[in-house]
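A.B. asks:
There are 2 protein chains.
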Amino acid sequence: MRLISFQHSGRRGIGVMTSDTAFIDLSKAAPQMPTDMRALLGIGKAWQQRVEQAIKGKAADYSISDIAFDPVVIEPHATWAVALNYQAHKEETGLERSQYPEFFLRVPTSIVGHLQDLLPPRPPYMKAFDFEGELAVVIGKPGRYIAEQDALAHVAGYSSYNEGSVRAYQRHNRQFGLGKNFEKSGSFGPWLMTPDEFGDPYKQSVITRVNGVEKQRCGLNEMLNKIENQIAYLSEGFTLQPGDVVATGTPGSLPGTDKHMQHGDVVEVEITGLGVLKNRVGQQP
Amino acid sequence: MRLISFQHSGRRGIGVMTSDTAFIDLSKAAPQMPTDMRALLGIGKAWQQRVEQAIKGKAADYSISDIAFDPVVIEPHATWAVALNYQAHKEETGLERSQYPEFFLRVPTSIVGHLQDLLPPRPPYMKAFDFEGELAVVIGKPGRYIAEQDALAHVAGYSSYNEGSVRAYQRHNRQFGLGKNFEKSGSFGPWLMTPDEFGDPYKQSVITRVNGVEKQRCGLNEMLNKIENQIAYLSEGFTLQPGDVVATGTPGSLPGTDKHMQHGDVVEVEITGLGVLKNRVGQQP
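Read top to bottom, the protein sequences are chains A and B.
The opening position of the first sequence corresponds to residue 1 in the working numbering, with each subsequent residue numbered one higher.
The opening position of the second sequence corresponds to residue 1001 in the working numbering, with each subsequent residue numbered one higher.
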């Protein structure tokens, strides 16, 4: 099952895809159910079954051309992103890494949905306004002290993520802080795909293209700290919440390429077997 | 004016203090107004005037002994905290600092309200479960590219903050990430005091006591990156949102003391002229 967060005529809702372009509006199919992804996942482990029952026998309400995509989860309790999680990316940054996943946080205003324009920083910082193609994991079942072997049972679904970064600010000091949180500098979508449909993430790859030219291609099995380890580690600190997002790290650039984005570029992050997240880099207003 | 976020009989609300112990329940005085601090600040610049009108001539509804305190803002869009912002604290950490404020983020589940128990980490990490007494700034008026001389006009109010930290995790790598986000490891309160009542923050001090023994005492004028600079810097990256919180950094410990907290300790963070935030360190369940 693939679910989207969307806006239509000023109203927000959740859609269930019936094809690559059409979807059922969950709030029409099931008016009593939450219209926000985080709240939907918060109803508990039967959320997927309840959605499946609600849409059974229903026809699509809209085409994706009728709506605007929101980020898959609009305002998660937390969005964690992990640095230096692929060998080639670690090497291109020149930074040291430890055995632990190196986590930082992103705020909701830093992320847009599929097909929404990215907002670039002011001109001096365009020298290194960088994409980072990643697999995003969305938590369903809450938990603390989760063992690695149980971790994937806490995943509600997967998505594509562009963890866009303003390098000059990222390098102001030790914390990546503000450089990872520029307004509308990243994106998240197009949809959440449930684990039963996505299957084994380590059989898939992340591919990033800018204006059709491939810039990143790497198997997700090359993650240094695997998804299970990332979830287990975070759960040592706090109870993971439904709708929490983990952006699992970006691989290195392909030889001879870089990660820079420029005004007007069209950036696509594809997770094979899942879908393509596409955004244009707009103009700073 | 002093405002609290509270719970009473399973209901959440905003209170306006009429003394140090009694308050008016805003949802009784003005049922049409938001019952959440972030939403209240989001109604725009007239929020304070509207609250003042709503409570005019009203008597207190409750004593603070009738209710449980929530964090002043329960789920801000963002809580930024700044590292190494006082010379003595920088020296005791041995870390380098740059000219820019070194910001990281905290998630809502890491923070409790006044008089709520802090939740310590598992025993091996009690060796350095540390308080950090700080002044918290709450944003009212949204804005981007805010000049330093305009920054304080974006502040809705001030509060006390215990930016509790689990040092072992904080040191796992460059990012403070998880070590600054253990569940219920910090606190925020007791109330938001508006700028007209608080006056010049740089005339006040932060004092931290553990079981009545003073551990920190420092003038807020000793901040290395002042509040105005912190707000201006953040606004280079994104539009500050009503209810956003900035924890402005902790000073060094008094000579011969450390910042460690143990089970059963009572920790007080006082901002002079504002109030005392008090929490006990509970037992790990």
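Built from N, CA and C at the ideal position, the CB exists for glycine as well.
Since we're looking at a predicted model, the values are computed, not measured.
1) Kindly indicate if chain B contains any beta-carbon less than 8 Å away from that of A/Leu-105.
2) Are the beta-carbon atoms belonging to B/Glu-1183 and B/Leu-1119 less than 8 Å from one another?
3) In chain A, what lies closer than 8 Å to B/Phe-1188 by C-beta?
4) Would you verify that the beta carbon of B/Ser-1098 is, or is not, closer than 8 Å to some beta carbon of chain A?
5) Going by other Cβ atoms of all chains shown within 10 Å of its Cβ, with 16 needed for buried, is B/Arg-1122 buried or exposed?
6) Have a look at B/Ala-1046 and B/Leu-1040 and give me their C-alpha separation to the nearest angstrom.
7) What residues in the stretch 1170-1185 of chain B have a beta carbon less than 7 Å from any beta carbon of chain E?
8) For a test of the three-state rule: what should DSSP assign to A/Ile-55, helix, strand or coil?
9) Could you run through the stretch 1218-1238 of chain B and flag, in chain order, every residue whose CB is less than 8 Å away from some CB of chain A?
10) Count the other CB atoms within 10 Å of the CB of B/Thr-1208; is the residue buried (16 or more) or exposed (fewer)?
11) From the DSSP output, in three-state form, read off A/His-8 for me.
12) Since B/Ser-1235 contacts B/Arg-1217 with CB under 8 Å, what's their CB separation in whole angstroms?
13) Identify whether B/Gln-1216 lies in helix, strand or coil by the three-state DSSP scheme.
14) For A/Gly-179, which of helix, strand or coil comes out of DSSP?
15) When you compare the CB positions of B/Val-1016 and B/Ile-1064, do they come within less than 8 Å of one another, or not?
16) Report all residues from its chain with a CB closer than 6 Å to the CB of B/Asn-1279; omit the five preceding and five following residues, and keep chain order.
17) Please classify A/Ala-136 as buried or exposed, where buried requires at least 16 other C-beta atoms within 10 Å of its C-beta.
18) Is there a C-beta anywhere in chain A that falls below 8 Å from the one on B/Gln-1241?
19) Looking at chain A, is there any beta carbon in it that lies within less than 8 Å of the beta carbon of B/His-1260?
20) Mind listing the chain A neighbours of B/Ser-1110? Cutoff is C-beta to C-beta under 7 Å, in chain order.
21) Do B/Ala-1232 and B/Ala-1147 come within 8 Å of each other at the CB atom, strictly closer than that value?
22) Just confirm the distance between the C-beta atoms of A/Arg-106 and A/Ala-81, as a whole number of angstroms; I'd bet it's less than 8 Å.
23) What span of residues does the beta strand (DSSP E) with A/Ala-156 cover, start to end?
24) Just how far apart, CA to CA, sit A/Ser-98 and A/Ala-83?
25) Relative to the alpha-carbon of B/Gln-1149, which residue among B/Ile-1227, B/Ser-1110, B/Gly-1282 and B/Thr-1109 has its alpha-carbon at the smallest distance?
26) Less than 8 Å between CB atoms is the rule here; does A/Glu-102 satisfy it with respect to chain B?
27) Going by C-alpha distance, which of A/Leu-3, A/Val-138, A/Ala-151 and A/Asp-130 is nearest A/Tyr-169?
28) Since I believe B/Ile-1067 is in contact with B/His-1008 (beta carbons under 8 Å), could you give me their beta-carbon distance rounded to a whole number of angstroms?
29) If you draw a straight line from the alpha carbon of A/Gly-57 to that of A/Ile-24, how long is it in whole angstroms?
30) Please report the residue range of the alpha helix (DSSP H) in which B/Gly-1237 lies.
C.D. replies: If we stick to the structure as given:
1) In the first sequence, residue 105 of chain A corresponds to position 105, counting from 1. With 8 Å as the cut-off, A/Leu-105 counts as an interface residue toward chain B.
2) As a working note, residue 1183 of chain B is residue 183 in the second sequence. As a working note, residue 1119 of chain B is residue 119 in the second sequence. Closer than 8 Å, so yes.
3) For the purposes of this step, residue 1188 of chain B is taken as the residue at position 188 of the second sequence. Those do not exist, as B/Phe-1188 stays about 16 Å from chain A at its closest Cβ, beyond 8 Å.
4) One-based indexing of the second sequence puts residue 1098 of chain B at position 98. Answer yes: the Cβ-Cβ gap between B/Ser-1098 and chain A drops below 8 Å somewhere.
5) Position 122 of the second sequence, counting from 1, holds the residue named residue 1122 of chain B. Classification of B/Arg-1122: exposed, given that the 10 Å Cβ count is below 16.
6) By 1-based counting over the second sequence, the position of residue 1046 of chain B is 46. By 1-based counting over the second sequence, the position of residue 1040 of chain B is 40. About 10 Å.
7) In the displayed structure, chain E is absent; the protein chains listed are A and B.
8) Mapped onto the first sequence, residue 55 of chain A falls at position 55. Of the three classes helix, strand and coil, the one that applies to A/Ile-55 here is helix, per DSSP.
9) Those residues of the stretch 1218-1238 of chain B that come within reach of chain A (Cβ to Cβ, closer than 8 Å) are Tyr-1233, Leu-1234, Glu-1236, Gly-1237 and Phe-1238.
10) Taking the second sequence and counting its residues from 1, one reaches residue 1208 of chain B at position 208. Classification for B/Thr-1208: buried.
11) Position 8 of the first sequence, counted from the first residue, corresponds to residue 8 of chain A. A/His-8 falls in the strand class under three-state DSSP.
12) Translated into positions along the second sequence, residue 1235 of chain B becomes position 235. Translated into positions along the second sequence, residue 1217 of chain B becomes position 217. About 31 Å; that fails the 8 Å criterion.
13) Position 216 of the second sequence, counting from 1, holds the residue named residue 1216 of chain B. The answer is strand: DSSP assigns B/Gln-1216 an E or B state.
14) Working through the first sequence from its first residue, we reach residue 179 of chain A at position 179. Reduced to three states, the DSSP call for A/Gly-179 is helix.
15) Walking along the second sequence from the start, residue 1016 of chain B turns up at place 16. Walking along the second sequence from the start, residue 1064 of chain B turns up at place 64. Cβ atoms of B/Val-1016 and B/Ile-1064: not closer than 8 Å.
16) Reading the second sequence from its first residue, position 279 is the one you call residue 1279 of chain B. Same-chain partners within the cutoff: Leu-1118, Ser-1187 and Val-1267.
17) Along the first sequence, read from residue 1 onward, the residue named residue 136 of chain A stands at position 136. Of the other Cβ atoms in all chains shown, 16 or more fall within 10 Å of the Cβ of A/Ala-136; this residue is therefore buried.
18) As a working note, residue 1241 of chain B is residue 241 in the second sequence. Yes, because at least one Cβ of chain A sits closer than 8 Å to the Cβ of B/Gln-1241.
19) Working through the second sequence from its first residue, we reach residue 1260 of chain B at position 260. No, no contact with chain A.
20) By 1-based counting over the second sequence, the position of residue 1110 of chain B is 110. Near B/Ser-1110 (Cβ distances below 7 Å), the residues of chain A are Phe-238.
21) By one-based count along the second sequence, residue 1147 of chain B stands at place 147. By one-based count along the second sequence, residue 1232 of chain B stands at place 232. Yes; because the gap between Cβ atoms is below 8 Å, this pair is in contact.
22) The residue labelled residue 106 of chain A in the question sits at position 106 within the first sequence. The residue labelled residue 81 of chain A in the question sits at position 81 within the first sequence. That pair is a contact at about 6 Å.
23) As a working mapping, residue 156 of chain A is identified with position 156 in the first sequence. 155-162 is the extent of the beta strand (DSSP E) around A/Ala-156.
24) Working through the first sequence from its first residue, we reach residue 98 of chain A at position 98. Working through the first sequence from its first residue, we reach residue 83 of chain A at position 83. Rounded to the nearest angstrom, the two C-alpha atoms are 11 Å apart.
25) Here residue 1149 of chain B refers to the residue found at position 149 of the second sequence. Closest by alpha carbon: B/Ile-1227.
26) Working through the first sequence from its first residue, we reach residue 102 of chain A at position 102. Taking Cβ atoms only, chain B reaches closer than 8 Å to A/Glu-102, which makes this a yes.
27) In the first sequence, residue 169 of chain A corresponds to position 169, counting from 1. Measuring from the Cα of A/Tyr-169, the nearest candidate turns out to be A/Asp-130.
28) Working through the second sequence from its first residue, we reach residue 1008 of chain B at position 8. Working through the second sequence from its first residue, we reach residue 1067 of chain B at position 67. Rounded, the Cβ-Cβ distance is 5 Å, consistent with contact.
29) Along the first sequence, read from residue 1 onward, the residue named residue 57 of chain A stands at position 57. Along the first sequence, read from residue 1 onward, the residue named residue 24 of chain A stands at position 24. Near 11 Å, if we compare the C-alpha coordinates of A/Ile-24 and A/Gly-57.
30) For this step, residue 1237 of chain B is matched to residue 237 along the second sequence. Per DSSP, B/Gly-1237 is one residue of the alpha helix (DSSP H) stretching across 1227-1237.
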